[in-house]
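Remarks on the structure that follows.
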Amino acid sequence: MKKDIIYIDSDDEIAAVVDKVVASRSKVVALVLPKRFTMLHSSVNMKILNKAANDNNKNLVLITNEKALMPLAAATGMYVAKGLQSKPAIPALAEPDTDLDDAVEAPELDAEPTIDKTKPIGELAGDTDETITIDNTTPEDTAAKKPDTPKKSKKLAVPNFEKFRLKLFLIIAGVIALLMLLYFAVFVWPKATVTLSVEQQEIPLSIDITASPTKEDNVSEKVFKLDTKTIDKAETKSGEATGKKDLGEKATGSVTMVNCSKDDKLADVVRTIPAGTGISNGNYTFITQESVQVSPSGFNGNTCKNDKPSSSVKVIAQNAGGEYNLSARSYSVSGFSTVTAKDSKGMGGGTSKVVTIVSQEDCTALTDQLNAASNSDELKKQLMTDFEQAGLAASIDTYKVDTVSSSCEPAVGQEANSVSAKATYRYTMSGVNADSLNELITQEALEKAGQGQTIADTGIKTAVINVNGRSGSTLDMTVNTTAIAGVKQDEAAIKSLIAGKNARQTADALKQIPGVKDVKVDYSPFWVNKTPKKESKISIVFVTNNDN
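This is the structure in structure tokens:
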């Protein structure tokens with residue numbers, strides 16, 4: 000007779016347990032109870048469960064070893080077994096309770112066989128319904144037949160779900176780790192380094208061209224359009240004013256002049272000293288305020304008598320300051336070597352008030368600094384970058400810097416503590432179309448390289464374009480460069496050619512390229528035997544071999 004094993008959860012209610020028993024299709028139902036299953040500690044719940052089993056013709060066995068349930072099972076006549084392989088039995092009461100009013104008596108089954116209490120539950124789980132007989136309802140059959148020795152079925156054990164979960168987790172983790180390892184081994188780690196030994200030759204070239212802003216590119220005629228780019232940049236440089244100026248009063252005085260010239264005496268020449276003439280004594284200079292005539296003095300032998308002094312002439316110190324308040328003395332007269340000025344009372348009235356002003360030296364020094372900064376390579380590099388981005392080949396010979404405007408503020412002589420020099424510079428450079436020039440260099444290089452060669456590099460990025468002459472806006476220029484003939488070092492094309500091939504196929508494919516002398520293929524890690532399909536995993540190394 001087949002049995003149904005039902006595992007009860009600790010939080011199941013009596014109604015849920017009854018539903019599971021009623022829903023079972025087997026006549027023998029084994030309820031596997033959790034530890035400390037308090038729901039059946041109630042005699043009412045135990046009776047309800049027993050009645051439901053009897054009403055539905057179910058032979059119910061409780062699988063538990065909880066001692067607290069034994070009295071209740073005994074009181075209700077419920078079969079109990081310690082395990083699925085143990086024999087079920089109704090627990091014995093210590094003292095029979097004859098007054099139990101609500102004891103439930105198991106109804107007799109007319110058609111269905113009853114469970115054999117002498118057999119373990121495991122033996123009741125046979126493959127067919129009639130292999131194991133629990134009990135016969137007919138007395139004659141009982142007397143006529145002895146019960147056969149029961150065949151032991153496979154042992155039934157309660158599964159350990161914790162171990163099952165752990166094993167399942169480990170299996171899943173192992174599968175994931177294996178898949179990741181396979182992914183890295185196939186798609187991430189494999190790399191290939193392909194070294195090509197190639198033959199190349201350098202071809203020095205010097206090509207004369209003509210460039211004009213009014214022409215269009217004509218490679219065959221070596222005529223190019225001249226493109227010019229300019230950058231205007233304003234620069235400012237500030238510094239401290241260092242000039243000094245005395246704004247005090249200028250000293251004044253009066254002088255008379257005498258002319259001690261024998262020649263003037265003999266010729267009777269009267270000298271006219273104009274206003275604004277400077278008279279000096281040491282570092283002190285005074286300026287005459289009016290013109291005066293000076294007659295020549297007489298001589299006593301070679302000694303001047305100083306007997307013909309001029310009329311008095313007012314003078315003012317060249318600069319303000321108290322240091323010009325001088326005592327009486329003689330002064331030389333600028334422009335008249337034989338004339339001497341004398342004052343009898345000295346100079347006075349000079350006062351000092353020294354302030355800081357902008358000097359010419361201040362402006363000159365700042366302007367020189369701006370000019371020096373304008374000659375740096377910063378703007379030259381920027382122009383060359385602009386040319387490259389525009390697809391032009393620049394001529395360094397055409398680079399020049401012009402000063403558009405310059406100024407110094409405040410102006411020279413103005414009172415100030417600081418001064419700023421400003422200047423605007425124009426940076427200019429010219430060049431020609433790089434693609435057209437590259438085409439011309441390629442043609443010239445192929446003519447010198449010989450048959451079967453390709454131009455790997457025209458050297459246009461390092462080409463020097465010199466200016467030989469100028470006629471108006473037209474320039475005569477020479478392009479000097481060194482072209483490389485041999486295998487074109489096109490890594491992208493080579494990677495595409497060998498992707499997915501094994502080492503032999505890779506080497507054979509590359510040796511078909513003219514100029515390739517030898518090929519070496521290295522794979523990593525050690526298990527890789529094919530060039531990766533992903534081009535980023537392929538490294539191409541060119542080794543120039545010019546032994547021949």
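The numbering of the sequence shown is numbering that gives the first Met the number 0, which starts it at 0 and goes up by one.
Backbone N, C-alpha and C define an ideal beta-carbon position, used for all residues, glycine too.
From a predicted model like this one, the values you see are computed outputs, not experimental measurements.
Residue from the options whose Cα sits closest to the Cα of residue i
{"i": "Leu474", "options": "Val222, Ser375, Ala448, Phe183", "result": "Val222"}
{"i": "Gln288", "options": "Ser296, Asp263, Asp262, Ala316", "result": "Ala316"}
{"i": "Ile202", "options": "Gly468, Asn501, Gln442, Lys500", "result": "Gln442"}
{"i": "Asn465", "options": "Val187, Asp216, Ser538, Val431", "result": "Val431"}
{"i": "Val463", "options": "Tyr323, Lys214, Ala392", "result": "Ala392"}
{"i": "Phe36", "options": "Asp54, Asp18, Met69", "result": "Met69"}
{"i": "Lys510", "options": "Asn44, Thr194, Asn64", "result": "Thr194"}
{"i": "Ser42", "options": "Arg24, Ser23, Ala67", "result": "Ala67"}
{"i": "Asp245", "options": "Gly347, Ala73, Ile356, Gly82", "result": "Ile356"}
{"i": "Leu549", "options": "Asn282, Ile272, Pro295", "result": "Absent from the model: residue 549. The displayed extent of the chain is 0 to 547, so no value can be given."}
{"i": "Ser326", "options": "Val254, Gly277, Asn374", "result": "Val254"}
{"i": "Ile497", "options": "Gly277, Val28, Thr192", "result": "Thr192"}
{"i": "Ile278", "options": "Gly300, Thr251, Lys304", "result": "Thr251"}
{"i": "Lys81", "options": "Val257, Ala51, Asn49, Val31", "result": "Val31"}
{"i": "Val187", "options": "Glu534, Val540, Phe541", "result": "Glu534"}
Cα-Cα separation, residue i to residue j
{"i": "Asp128", "j": "Thr75", "result": "With a pLDDT of 43 at Asp128, under the threshold of 50, the predicted position of this residue should be treated as unreliable, though the coordinate-derived value follows. The straight-line gap from Cα to Cα measures roughly 27 Å."}
{"i": "Pro409", "j": "Gln359", "result": "11 Å"}
{"i": "Gly275", "j": "Ser310", "result": "16 Å"}
{"i": "Pro531", "j": "Ala491", "result": "14 Å"}
{"i": "Asp401", "j": "Phe386", "result": "20 Å"}
{"i": "Pro106", "j": "Phe160", "result": "Because Pro106 sits at a pLDDT of 42, beneath the cut-off of 50, its placement in the model cannot be relied upon, and the point is left open."}
{"i": "Asp263", "j": "Val269", "result": "7 Å"}
{"i": "Ala14", "j": "Phe183", "result": "55 Å"}
{"i": "Asp98", "j": "Ile47", "result": "Caution applies to Asp98, whose pLDDT of 44 falls short of 50 and renders its modelled position unreliable; the value that the coordinates give is listed next. If you take the alpha carbons of Asp98 and Ile47, they lie about 19 Å apart."}
{"i": "Glu65", "j": "Asn53", "result": "23 Å"}
{"i": "Thr453", "j": "Val403", "result": "49 Å"}
{"i": "Ser429", "j": "Ala502", "result": "50 Å"}
{"i": "Leu178", "j": "Ser538", "result": "27 Å"}
{"i": "Asn58", "j": "Lys166", "result": "36 Å"}
{"i": "Leu218", "j": "Ile483", "result": "For clarity, residue 218 is Val in the given sequence; the question names Leu instead. Roughly 20 Å separates the two Cα atoms."}
{"i": "Glu111", "j": "Ser23", "result": "Residue placement at Glu111 is poorly supported in this model, since its pLDDT is 46, which falls under 50; the coordinates still yield a value, given next. Straight-line Cα distance between these residues: approximately 16 Å."}
{"i": "Asn324", "j": "Val312", "result": "17 Å"}
Residue range of the alpha helix (DSSP H) that includes residue i
{"i": "Gly173", "result": "160-182"}
{"i": "Phe386", "result": "377-388"}
{"i": "Leu61", "result": "First-last for Leu61: 58-62, but that is the beta strand (DSSP E), not the alpha helix (DSSP H)."}
{"i": "Asn49", "result": "42-54"}
{"i": "Ser435", "result": "433-448"}
{"i": "Thr235", "result": "Careful: Thr235 lies outside any alpha helix (DSSP H), inside the beta strand (DSSP E) at 226-239."}
{"i": "Lys352", "result": "Taken as a continuous stretch (DSSP letters only), Lys352 belongs to no alpha helix (DSSP H), as it is neither H nor E."}
{"i": "Asp263", "result": "261-266"}
Residue environment, residue i, which counts as buried when at least 16 other CB atoms sit within 10 Å
{"i": "Thr551", "result": "This structure gives no information on residue 551, because the portion of the chain shown stretches from 0 to 547."}
{"i": "Lys519", "result": "exposed"}
{"i": "Ala389", "result": "exposed"}
{"i": "Pro87", "result": "buried"}
{"i": "Ser260", "result": "buried"}
{"i": "Thr213", "result": "exposed"}
{"i": "Phe163", "result": "exposed"}
{"i": "Leu181", "result": "exposed"}
{"i": "Thr461", "result": "exposed"}
{"i": "Lys2", "result": "buried"}
{"i": "Asp8", "result": "exposed"}
{"i": "Thr457", "result": "buried"}
{"i": "Leu39", "result": "buried"}
{"i": "Ile440", "result": "buried"}
Residue i, enclosing beta strand (DSSP E) - first and last residue
{"i": "Val357", "result": "Run containing Val357: none; DSSP gives neither H nor E here."}
{"i": "Met476", "result": "473-485"}
{"i": "Gln199", "result": "199-211"}
{"i": "Thr397", "result": "391-408"}
{"i": "Val466", "result": "463-470"}
{"i": "Lys26", "result": "Counting along the chain, Lys26 falls outside any beta strand (DSSP E), and DSSP gives it neither H nor E."}
{"i": "Ala73", "result": "No beta strand (DSSP E) contains Ala73, which is instead part of the alpha helix (DSSP H) from 69-75."}
{"i": "Tyr6", "result": "2-6"}
{"i": "Ala415", "result": "No beta strand (DSSP E) holds Ala415; DSSP gives it neither H nor E."}
{"i": "Ser253", "result": "249-258"}
{"i": "Gly242", "result": "242-245"}
{"i": "Ile537", "result": "537-543"}
{"i": "Arg270", "result": "270-272"}
{"i": "Asp456", "result": "454-456"}
{"i": "Ala80", "result": "78-80"}
{"i": "Ser279", "result": "277-280"}
{"i": "Ser329", "result": "329-332"}
So within the stretch 288-314, which uninterrupted beta strand (DSSP E) runs reach at least 3 residues, ignoring any that extend past its ends? 291-293
4-residue-minimum alpha helix (DSSP H) runs that sit fully inside the stretch 493-530, ordered along the chain: 502-510
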